[in-house]
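Peer 1: Here it is: the structure, laid out below.
In the working numbering, the protein residues as written are 1 to 382.
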């Protein structure tokens, strides 16, 4: 299943990213998921985890719909389904945050992660009424909402607090006042995707029938992340280690600290150290391909096989390496061009890669791809 965004990644970054919402109409054709599939996803969730919520204009206490019990000497938890059914029949929404290891969801989230160049967290929202489960609010991450079943109305308003960080949620900002002017009022049908930048007010409203959508939140490094990382370097500045007494006595030290900090912020080597630390924590789960990569008799990939790069944010460091899925890979220009090609394609066949790099020889390219797959740098999708 491929998402047809209809806007190139480059144009999206230039025109929409962080700037304004956008509707990708009919981005997923022929949605192949039903309530049986969705119910099974919810069945596999950990009922006791804080990521699982029942919302009815407020968060329903877990004690109302989750019970604990001993199962052969082990404490386990389960839904009290009758309570969940009752709340949902009365208009509640069942929310499952941080969905992982669900093939259908992963197929969508990985494409959005590649498109947005960021890590993602996926949440599911299931409801059967026209009742709003959340008040109008902003999010502290960019969101791609993927409508899969039923319809949902999205009312979006411009931000009056731009680029909020994780600690600056609507509920924590007493001065947050929702604007009156509506920027966008749109109804999403199955297969539609809407992009909502962080800070934009929105209120997703069910329309009185079944509805299920995924919210794919994207997380890219911010200036705040960079400055927090730089705090580790501050003890190296002598004036930072001085005792302070009063402003007049200490203002020269403050100027020195400001100048030193400014120089540290704009230093490329510091920026790349931060990016290496940040990207080094990224992990992209990939399918296990035991029949191909675990069998010692295999040494190459089939031309029909589809592959994907296990990275959302691809950065080539000035020292000539990339970091992908925890792997530091020293790479020449041709190697980076190969990896970048796969990354920009999203997913592509081995045959397509062979065609693009035919001047380097089919055998050499396939050996390179096979080694990348062995080291979990690329994923064998199909």
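Heads up, the beta-carbon is just placed ideally off N, CA and C, and yes, glycines get one too.
(1) Nearest CA to the CA of residue 374: which residue from 301, 99, 319 and 164?
(2) For the segment 119-154, which segments carrying the beta strand (DSSP E) assignment without a break, of at least 3 residues, lie completely within its bounds, in sequence order?
(3) At a threshold of 7 Å, does residue 173 count as lining the ligand SAM (C-beta to nearest heavy atom)?
(4) Quick check: what's the CA-CA separation for residue 112 versus residue 216?
(5) Buried or exposed for residue 187, please, with buried defined as at least 16 other CB atoms from any protein chain shown within 10 angstroms of its CB.
(6) Taking the beta carbon of residue 171 as the centre, do at least 16 other beta carbons fall within 10 Å, making it buried, or is it exposed?
(7) Could you give the DSSP three-state label for residue 59: helix, strand or coil?
(8) Starting from residue 328, trace the beta strand (DSSP E) in both directions and tell me its first and last residue.
(9) DSSP on residue 44, reduced to helix/strand/coil?
(10) Which runs of the alpha helix (DSSP H), 4 residues or longer, sit entirely within the segment 227-300?
(11) DSSP state of residue 88, grouped into three classes?
(12) For the segment 249-266 against the segment 332-342, do three or more pairs of beta-carbon atoms, one drawn from each stretch, fall closer than 8 Å, so that the two count as touching?
(13) Taking the alpha carbon of residue 109 as the reference point, which residue from 378, 246, 138 and 146 has its own alpha carbon closest?
(14) How is the alpha helix (DSSP H) around residue 49 delimited, first residue to last?
(15) Closest to residue 39 by CA distance: which of 61, 219, 79 and 91 is it?
(16) What is the DSSP secondary structure of residue 68, reduced to helix, strand or coil?
Peer 2: With the given structure in hand:
(1) The candidate whose alpha carbon is nearest that of residue 374 is 301.
(2) You should have 119-127.
(3) With respect to the ligand SAM, the structure offers nothing, as it holds no ligand at all.
(4) If I take the Cα positions, the gap works out to 8 Å.
(5) So residue 187 counts as exposed.
(6) Residue 171 should be labelled exposed.
(7) Of the three classes helix, strand and coil, the one that applies to residue 59 here is strand, per DSSP.
(8) Residues 327-330.
(9) In the three-state reduction of the DSSP assignment, residue 44 falls in the coil class.
(10) Counting only runs of 4 or more, we get 247-265, 268-280 and 290-293.
(11) Residue 88: helix per DSSP, three-state reduction.
(12) As far as the Cβ criterion goes, the segment 249-266 does not touch the segment 332-342, which means the pair count is below three.
(13) Ranking the options by Cα distance to residue 109, first place goes to 146.
(14) It is not in any alpha helix (DSSP H) - residue 49 carries neither H nor E in the DSSP assignment.
(15) Cα-wise, what sits closest to residue 39 is 79.
(16) Looking at residue 68 - three-state DSSP - the assignment turns out to be strand.
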